[in-house]
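626 is the number of the first residue of the sequence shown in the numbering used here; add one for each residue after it.
Below is one structure, written out as structure tokens; the observations come after it.
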Amino acid sequence: MDVDFSLIAEAVGHSSGRTLVVGPGVCALVSASWETELTGEQFYQAFVSIARTLGFVVVEQGSVTTITLDDNARKESPPRCRRYPETEEPEASVNR
């Protein structure tokens, strides 16, 4: 099942106790599954790995993690996102 990256960020923040800030333009559909249940910290580490795999910049400062587009992506046209019905969003699939 594909899930919006921002919704996963909310779930990760809740389960890990961290604050996750998703910057403008950060958008993807993600499909991920694990064989076993993850702790909050494991879920967070998996999420960070997925974000980096998608090419997002991840900055960790204490309990706050910010996910943004890299400088090159910001200069290009904004990414399309399925949250907006008239556009298409790039999809990513990560299985662990």
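Cβ atoms here follow ideal geometry from the backbone N, Cα and C, with glycine treated the same way.
Since this is a predicted model, take the numbers as computed values, not measurements.
How would you label residue i, buried or exposed, when you count the other beta carbons within 10 angstroms and need 16 or more for buried?
{"i": "A636", "result": "exposed"}
{"i": "G638", "result": "buried"}
Report yes if the C-beta distance between residue i and residue j is below 7 Å; otherwise report no.
{"i": "S688", "j": "G665", "result": "no"}
{"i": "V647", "j": "I692", "result": "yes"}
{"i": "R681", "j": "V651", "result": "As written in the sequence, residue 681 is Phe, which differs from the Arg given in the question. In contact: F681 and V651 (Cβ atoms closer than 7 Å)."}
Between the C-alpha atoms of residue i and residue j, what's the straight-line distance to the nearest angstrom?
{"i": "F668", "j": "T690", "result": "14 Å"}
{"i": "A634", "j": "V684", "result": "14 Å"}
{"i": "T644", "j": "Q670", "result": "14 Å"}
{"i": "E660", "j": "T678", "result": "20 Å"}
{"i": "S658", "j": "L694", "result": "24 Å"}
{"i": "N649", "j": "Q686", "result": "It should be noted that the sequence gives Pro, not Asn, for residue 649. Roughly 19 Å between the two C-alpha positions."}
{"i": "L663", "j": "L632", "result": "17 Å"}
Tell me which same chain residues have a C-beta within less than 6 Å of the C-beta of residue i, skipping the five on either side of it?
{"i": "F630", "result": "A653 and V655"}
{"i": "D627", "result": "L654 and S656"}
Which residues in the same chain as residue i place their Cβ atom closer than 8 Å to its Cβ, once the five residues preceding and following it in sequence are excluded?
{"i": "D696", "result": "none"}
At a Cβ threshold of 7 Å, is residue i touching chain D?
{"i": "A671", "result": "This model lacks chain D altogether, as it is built from one protein chain only."}
Quick one: complete alpha helix (DSSP H) runs, 4+ long, within the stretch 663 to 701? 665 to 678 and 696 to 700
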